[in-house]
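Residue 1301 in my numbering is what sits at position 8 of the sequence shown, and the numbering runs on without skipping anything.
Structure first, then comments.
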Amino acid sequence: MRQPQHALAQGGSAAGLHFEGIFRQAVVYKGRNRDSAWYSVIDSEWLQVGKALREWLSPDNFDADGRQKQPLSAVRAADPNPHAERAL
């Protein structure tokens, strides 16, 4: 199976999404075929993934110039119990 080799692929994994596959020649754009990479997150994973995304995008994670203080990978790594059930 082909794995995507671009920044989106790295971002999907960093966000906690699972790579499912490539939908080859999914669309024609500017006369060229384009593939679509498919990622997933299931309900049992969403508590962890959603919490990390909210913390990463929180206004507290931005400095006065609008730059993020912590990358998503650091936010996810800081979770001491990533599989614990949490109320949102």
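Quick reminder that beta carbons are idealized off the backbone N, C-alpha and C, glycines included.
Being a predicted model, the structure only gives us computed values, none of them experimental.
Whole-angstrom C-beta distance between residue j and residue i, which should lie under 8 Å
i, j, result
"residue 1342", "residue 1308", "7 Å"
"residue 1336", "residue 1315", "In fact, because the Cβ distance is near 24 Å, the residues do not count as touching under 8 Å."
"residue 1355", "residue 1362", "7 Å"
"residue 1334", "residue 1348", "Rounded, the Cβ-Cβ distance is 16 Å, inconsistent with contact."
"residue 1305", "residue 1332", "4 Å"
Nearest candidate by alpha-carbon position, reference residue i, set the options
i, options, result
"residue 1313", "1330, 1357, 1326, 1360", "1330"
Q: Could you name each continuous alpha helix (DSSP H) segment of 4 residues or more that falls completely within the stretch 1301-1378, going from the start of the chain to the end?
A: 1336-1350, 1365-1370
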